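2 protein chains.
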Amino acid sequence: MGVVARSVAGVLEIVTLPQFRVLVVLDNSGPLRMGVLGEAIGVLPSTLSRAIDRIVEAGWVRRTTRPTSRREVLIELTPAGQNLVTHALEQRRDNIAEILSVLSPDEKAAIVSAFELFAGAAGETSTEDLLILGI
Amino acid sequence: MGVVARSVAGVLEIVTLPQFRVLVVLDNSGPLRMGVLGEAIGVLPSTLSRAIDRIVEAGWVRRTTRPTSRREVLIELTPAGQNLVTHALEQRRDNIAEILSVLSPDEKAAIVSAFELFAGAAGETSTEDLLILGI
DNA sequence: CGCAACGATTGCAAGCATACACTTTTGGTG
DNA sequence: CACCAAAAGTGTATGCTTGCAATCGTTGCG
């Protein structure tokens, strides 16, 4: 739980949680249309529109128009936005790696198999659940 | 991660994250003075004062004056507020119990020792970290 | 008592998220 | 072409959080 909390903590000093959710979805799915994006994170189009205004202003995403349909607006991560998400995920991975570094290979192996066991029993975690925290 | 996310998800439909942080701190420490409470969750007194206004309005906490010093205001959970926090923690415990229920005693034992190993290696998790998500 | 420090609150202001209703532009279809 | 539906955005409004500065009551001390 501490690992999860810390991984969220860093990002929340830079962007808000709803904003981070947008970035995470885009990182997972690539550029998305406003409508699809809004549905993915569960907000109304008007809410998303203004949220994107602010995220564009901050430089994390870009609005693009698809050549085939000028009424559709594609949202895509800028390099900075991509960087932000990647960095956040790396930080958590590093945090875990650091924790594991003090353990012996046998201990690590035991942890890996136990975690896999637990994850298997937990079943598929819905993307929506993870999206709540942007993880 | 899914377990953590779900445990936060339910509560966030009832109170905001800053509000839930207040409740969690009170649940941990018992009734607190405004100043102490504000410092614990890292907000300015003015912010807290208005936040408490809303939480009192919602019925989760109560303002009390200490007999010895009438300028100090004690904040304490109402039964409803206590219930909210307790319920949130129970829900996470139930969620984990349900996951574990499909496993054999041996598997459970392996998971317990592996998790203890990991938690030990991770060291003490600072309360501040956990407070970010109200966990 | 009088004054300084303390503790909480309020005035004022800004930013963000959210919702409902409405408008504008665009695409598809009869 | 004319019309309808899709897609995005605006107008308007509400509520929460946060911050800085100022105020009000209270306590402690000389």
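Here the protein sequences come in this chain order: A and B. Numbering-wise, the first sequence is residues 968 to 1102 according to my numbering. Numbering-wise, the second sequence is residues 968 to 1102 according to my numbering. Here a beta-carbon is modelled for each residue, glycine too, at the ideal position from N, C-alpha and C. Quick caveat, the model's predicted, so the values are computed rather than measured.
| query | result |
| --- | --- |
| Considering only C-alpha positions, which residue in the set Arg1037(A), Ala1081(A), Val982(A), Ser996(A) is nearest to Glu1024(A)? | Val982(A) |
| Could you check where the beta strand (DSSP E) with Val978(B) kicks off and where it finishes? | Unbroken run through Val978(B) is the alpha helix (DSSP H), 969-979; no beta strand (DSSP E). |
| Mind checking if Val1010(B) is an interface residue toward chain A, Cβ cutoff 7 angstroms exclusive? | no |
| Just by C-beta distance, which residues in the stretch 1036-1053 of chain A are closer than 8 angstroms to chain B? | none |
| When you compare each of Asn995(A), Gln1049(A), Thr1053(A) to Ser974(A) by their alpha carbons, which one comes out closest? | Thr1053(A) |
| Using only the alpha-carbon positions, how far apart do Arg1060(A) and Arg1000(A) sit? | 30 angstroms |
| Nearest to Ser996(B) by alpha carbon, out of Ala1018(B), Gln986(B), Ile1019(B), Glu1043(B)? | Glu1043(B) |
| Just curious, the alpha helix (DSSP H) that Leu1015(A) is in, first and last residue? | 1012-1025 |
| Starting from Arg1029(B), follow its DSSP beta bridges and name the residues at the other end. | Glu1043(B) |
| Using the Cα positions of Leu1004(A) and Pro998(A), report the straight-line distance between them to the nearest angstrom. | 9 angstroms |
| Quick one: is Arg973(A) near chain B, going by C-beta distance under 7 angstroms? | yes |
| Tell me the DSSP secondary structure of Ser1068(A) in three-state form. | coil |
| Taking buried to mean at least 16 other C-beta atoms within 10 Å of its own C-beta, is Gly1101(B) buried or exposed? | buried |
| Terminal residues of the continuous alpha helix (DSSP H) containing Glu1006(A)? | 1001-1008 |
| Among the candidates Ala1081(B), Glu1074(B), Lys1075(B), Ala1076(B), whose CA atom is the shortest distance from the CA of Ala1077(A)? | Ala1081(B) |
| For the alpha helix (DSSP H) containing Leu1094(B), list its first residue and its last residue. | What sits at residue 1094(B) in the sequence shown is Thr, not Leu. Taken as a continuous stretch (DSSP letters only), the alpha helix (DSSP H) holding Thr1094(B) covers 1094-1099. |
| With 7 angstroms set as the bound, which would you pick, yes or no: does the beta-carbon of Gly969(A) sit closer than that to a beta-carbon of chain B? | yes |
| Using only CA atoms, which one of Asp994(A), Ser1036(A), Ala1064(A) lies nearest to Trp1027(A)? | Asp994(A) |
| Ala1055(B) and Val971(B) look like a contact to me (Cβ under 8 angstroms); what is the Cβ gap, rounded to whole Å? | Not a contact, Cβ separation roughly 12 angstroms. |
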